[in-house]
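Contents: one structure, followed by commentary.
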Amino acid sequence: MRDIRYTSSPLLASKTPVWRSKFIVAMLALAFLVLIGRAAYVQVFGNAFFQRQGQVRFARTLELPASRGRILDRNGLLLASSVVAPSIWAIPEDVDRDPARLRELARLLGMPLAELNKKLSDEDKTFVWLKRQVDESVARQIAELKLAGIYQRKEYKRKYPEGEAAAHVVGFANVENQGQEGAELSFEKRLAGRAGSRRVIKDRLGRVVEAVGEEVPPVDGQDVQLSIDSKVQFFAYQKLRDAVTSNKARSGSVVVLDAQTGEVLALANYPSYSPDNRRHLSGAQLRNIAVTDTFEPGSTMKPVTVAMALEAGKVTPQTLIATAPGSYKLDKFTIRDTHNYGTLTVEGVVQKSSNVGSLKIAQRLSAQEMWETYTALGYGRKPELAFPGAAAGRVRHWKSWRPVEQATMSYGYGLSASLFQMAHSYTAFSHDGRVIPATLLKAPEGASVEGVRVFSEKNARAVRKMLALAAGPGGTGQRAQTVGYSVGGKSGTARKQVGKGYASNRYRAWFTGMAPIEQPRVIVAVMIDEPSNGVYYGGAVAAPVFSEVVQQTLRIMGVQPDMAVKPAIVAEQVEESF
Numbered sequence: 316m317r318d319i320r321y322t323s324s325p326l327l328a329s330k331t332p333v334w335r336s337k338f339i340v341a342m343l344a345l346a347f348l349v350l351i352g353r354a355a356y357v358q359v360f361g362n363a364f365f366q367r368q369g370q371v372r373f374a375r376t377l378e379l380p381a382s383r384g385r386i387l388d389r390n391g392l393l394l395a396s397s398v399v400a401p402s403i404w405a406i407p408e409d410v411d412r413d414p415a416r417l418r419e420l421a422r423l424l425g426m427p428l429a430e431l432n433k434k435l436s437d438e439d440k441t442f443v444w445l446k447r448q449v450d451e452s453v454a455r456q457i458a459e460l461k462l463a464g465i466y467q468r469k470e471y472k473r474k475y476p477e478g479e480a481a482a483h484v485v486g487f488a489n490v491e492n493q494g495q496e497g498a499e500l501s502f503e504k505r506l507a508g509r510a511g512s513r514r515v516i517k518d519r520l521g522r523v524v525e526a527v528g529e530e531v532p533p534v535d536g537q538d539v540q541l542s543i544d545s546k547v548q549f550f551a552y553q554k555l556r557d558a559v560t561s562n563k564a565r566s567g568s569v570v571v572l573d574a575q576t577g578e579v580l581a582l583a584n585y586p587s588y589s590p591d592n593r594r595h596l597s598g599a600q601l602r603n604i605a606v607t608d609t610f611e612p613g614s615t616m617k618p619v620t621v622a623m624a625l626e627a628g629k630v631t632p633q634t635l636i637a638t639a640p641g642s643y644k645l646d647k648f649t650i651r652d653t654h655n656y657g658t659l660t661v662e663g664v665v666q667k668s669s670n671v672g673s674l675k676i677a678q679r680l681s682a683q684e685m686w687e688t689y690t691a692l693g694y695g696r697k698p699e700l701a702f703p704g705a706a707a708g709r710v711r712h713w714k715s716w717r718p719v720e721q722a723t724m725s726y727g728y729g730l731s732a733s734l735f736q737m738a739h740s741y742t743a744f745s746h747d748g749r750v751i752p753a754t755l756l757k758a759p760e761g762a763s764v765e766g767v768r769v770f771s772e773k774n775a776r777a778v779r780k781m782l783a784l785a786a787g788p789g790g791t792g793q794r795a796q797t798v799g800y801s802v803g804g805k806s807g808t809a810r811k812q813v814g815k816g817y818a819s820n821r822y823r824a825w826f827t828g829m830a831p832i833e834q835p836r837v838i839v840a841v842m843i844d845e846p847s848n849g850v851y852y853g854g855a856v857a858a859p860v861f862s863e864v865v866q867q868t869l870r871i872m873g874v875q876p877d878m879a880v881k882p883a884i885v886a887e888q889v890e891e892s893f
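According to my numbering, the sequence shown holds residues 316 to 893 in order.
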């Protein structure tokens with residue numbers, strides 16, 4: 316091996332300038348000073364800024380969802396409740412792309428594989444929902460796949476045991492657990508509760524690595540107990556559905572009120588929808604027709620007209636009213652009855668449903684007297700009912716009435732009201748002259764209800780007797796009679812308004828009444844829209860629904876029968892004037 320002499324190298328033998336070594340040492344010192352300055356800035360002077368940036372990048376506030384309160388019927392049965400329903404989300408860039416497991420994931424999520432791949436296609440995203448609120452059993456199977464990048468979040472989903480039968484009164488909450496319709500929306504503040512929270516530090520994969528700060532626990536929502544009786548609600552919906560179907564009608568509604576407390580026992584509409592499956596819902600399906608839609612009520616207003624005249628002292632139940640020859644000309648209009656009833660008592664006017672008799676009774680009243688009574692009964696005013704979209708109806712101020720309008724209002728044309736308003740106004744007859752407040756919440760046991768006096772007790776009882784005649788032999792509502800219970804009520808058949816006129820072949824059939832007639836416990840109002848199976852009179856279409864709903868409701872309430880078992884129904888249906 317050759318001996319190498321490093322000292323003989325000219326390069327190594329050259330003398331290095333002193334300034335060079337000093338420069339290198341100075342640069343190293345400067346670098347350390349820069350690092351120390353930067354550390355001081357980060358740790359001391361700019362600490363707040365970097366703390367904020369760290370929190371933005373890694374600190375997160377996790378919401379701890381509150382369980383939404385339950386909705387119960389008057390007997391404590393569930394109408395709506397929350398169940399745990401995990402939601403599935405992903406970080407696309409971290410997802411394991413194993414084809415077999417992705418196919419299985421798509422199957423469990425109930426979506427095509429192509430749709431799943433589309434959700435996971437953007438790898439720049441750090442968060443994407445795959446499916447909200449799946450069943451716990453599905454969530455467990457997804458967890459067992461152990462797919463990287465797939466995560467779950469605990470959420471709550473609403474369940475509606477009564478389904479279509481109570482859909483319009485209970486409503487529904489959306490995927491964010493916010494009330495959207497019905498009682499879910501009306502009582503949102505009580506049901507929603509308050510979400511909790513906790514601060515955590517997450518890594519870049521979204522995993523919680525540390526909890527910071529104090530946890531704020533969620534406050535669950537309060538339960539709401541409605542006045543609805545789920546058994547009455549289901550039966551009313553069932554009978555309404557059968558009537559709409561058999562009469563080939565467009566739609567129908569039923570309202571059942573407790574005649575003594577004003578509690579809403581049932582509020583049903585058909586067609587309805589399933590609150591648990593709202594994929595193809597339309598606005599028309601969501602409308603609670605009984606509360607939100609208004610119509611001309613037709614002959615169901617005649618007892619109100621008679622009550623006004625009794626209260627004003629213009630007539631008595633036995634006052635004779637000439638209705639011959641079955642028509643009456645007023646200005647350019649001719650008002651007709653379906654038959655020439657000749658001379659009728661005031662009781663007979665209600666029993667036979669005479670338009671001519673009603674307008675002649677109304678002519679004895681001033682427009683102001685009628686308007687004030689309509690207003691006192693709730694017509695033209697928004698109902699004080701905790702329900703979204705409740706309609707006020709329309710009753711123009713009396714100063715703008717013409718004589719013909721005063722006449723037509725006496726038998727239910729020229730003003731509009733919802734089915735609920737119609738039922739509510741009849742509490743003036745069931746409660747001996749007082750209109751009582753209506754409520755969708757269960758009233759406390761033994762609570763007294765006063766109401767506002769509109770008619771005297773004597774006159775309210777007189778009208779109840781007339782309602783019994785209208786639903787009895789010779790009346791237009793004979794098919795309203797029921798087994799074991801006395802009933803009273805008034806049928807109505809109103810032509811549907813089209814533009815500025817009325818259709819010749821489109822009707823709404825009504826029946827509003829109460830039972831038992833001496834001491835009423837329930838008020839039931841029925842409306843069938845556009846029956847088209849050959850029969851359209853309220854006494855033939857709506858009255859049978861009233862009969863079945865009244866009988867079942869009184870049995871559920873434990874009301875003792877008050878009459879002979881077999882009702883007296885004449886075979887031939889009496890036609891109504893409209």
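Quick reminder that beta carbons are idealized off the backbone N, C-alpha and C, glycines included.
Since the model is a prediction, treat every value here as computed from it, not as a measurement.
Taking a C-beta distance under 8 Å as the contact criterion, Val750 and Ala743 qualify as a contact pair. Around the beta carbon of Gln796, a 10 Å sphere encloses 16 or more other beta carbons of the protein chains shown; the residue is thus reported as buried. Of the candidates Gly807, Tyr852, Arg836, the residue whose Cα lies closest to the Cα of Leu869 is Arg836.
Closest in C-alpha terms to Lys474, from the list Lys675, Gly790, Pro590, comes Pro590. Two segments are said to touch when three or more pairs of C-beta atoms, one from each, lie closer than 8 Å; by this definition the stretch 574 to 581 touches the stretch 755 to 774. Per DSSP, Thr658 is one residue of the beta strand (DSSP E) stretching across 658 to 660.
Met829 sits in a strand when the DSSP states are folded into three classes. If you look at Arg353, you'll find it in the alpha helix (DSSP H) that goes 333 to 355. In this structure, Gly695 lies away from Gly792, with their beta-carbon atoms at least 8 Å apart. Of the residues assessed, Glu611 falls on the buried side of the cut-off, its CB having 16 or more other CB atoms within 10 angstroms. If you ignore the 5 residues before and after Trp404, its C-beta comes within less than 7 Å of the C-beta of Phe442, Val443, Trp444, Leu445, Tyr466, Arg468, all in its own chain and listed in chain order. With respect to Ala786, Gly804 sits close: the two C-beta atoms are nearer than 8 Å.
Here the alpha carbons of Asn603 and Pro632 stand approximately 38 Å from one another.
Residue range 414 to 424 is occupied by the alpha helix (DSSP H) that includes Leu420. By the beta-carbon neighbour count (other beta carbons within 10 angstroms, threshold 16), Asp608 is buried. Counted as a single uninterrupted DSSP element, the alpha helix (DSSP H) harbouring Leu460 occupies residues 451 to 460. The three-state secondary structure of Lys644, taken from DSSP, is strand.
Annotation: Arg385 to Met737 spans about 30 Å, alpha carbon to alpha carbon. Residue pairing of Val841 in beta bridges, as defined by DSSP: Val569, Phe826. With a beta-carbon spacing of about 12 Å, Asp388 and Asp538 fall beyond the 8 Å limit used to define contacts.
Taking 8 Å as the cut-off, the beta carbon of Gly567 is found closer than this to the beta carbon of Leu555. Under the DSSP definition of a beta bridge, Ile650 partners with Tyr643.
By the beta-carbon neighbour count (other beta carbons within 10 angstroms, threshold 16), Lys644 is exposed. The way I'd put it, the stretch 490 to 510 doesn't touch the stretch 413 to 422; fewer than three beta-carbon pairs between them come closer than 8 Å. Cβ-Cβ distances below 7 Å link Val860 to Lys554, Leu555, Ala558, Val569, Val841 in the same chain, with the five nearest sequence neighbours on each side left out; the list follows chain order. Sequence-distant partners of Asp844 (beyond 5 residues in either direction) whose C-beta falls short of 7 Å from its own C-beta, in its chain, are Ala564, Arg565, Ser566, Gly567, Arg823.
Residue pairing for Glu611: DSSP places it in no beta bridge.
Around the CB of Pro618, 16 or more other CB atoms lie within 10 Å, so the residue is classed as buried.
Leu700 and His739 have their alpha carbons spaced roughly 11 Å apart. In the assembly as shown, Phe702 is a buried residue. Its beta-carbon has 16 or more other beta-carbons within 10 Å.
DSSP places Thr797 in the strand class (E or B) of the three-state scheme. Between Ala463 and Val410, the C-beta spacing is below 8 Å.
The Cβ-Cβ distance between Asp652 and Val671 falls below 8 Å. Closest in alpha carbon position to Ala809, among Ile832, Ala624, Gly391, Ala732, is Ala732. Judged by DSSP secondary structure, Gly807 falls outside any alpha helix (DSSP H) and instead within the beta strand (DSSP E) spanning 803 to 813. Ser771 is not a Cβ neighbour of Gly789, given a cutoff of 8 Å.
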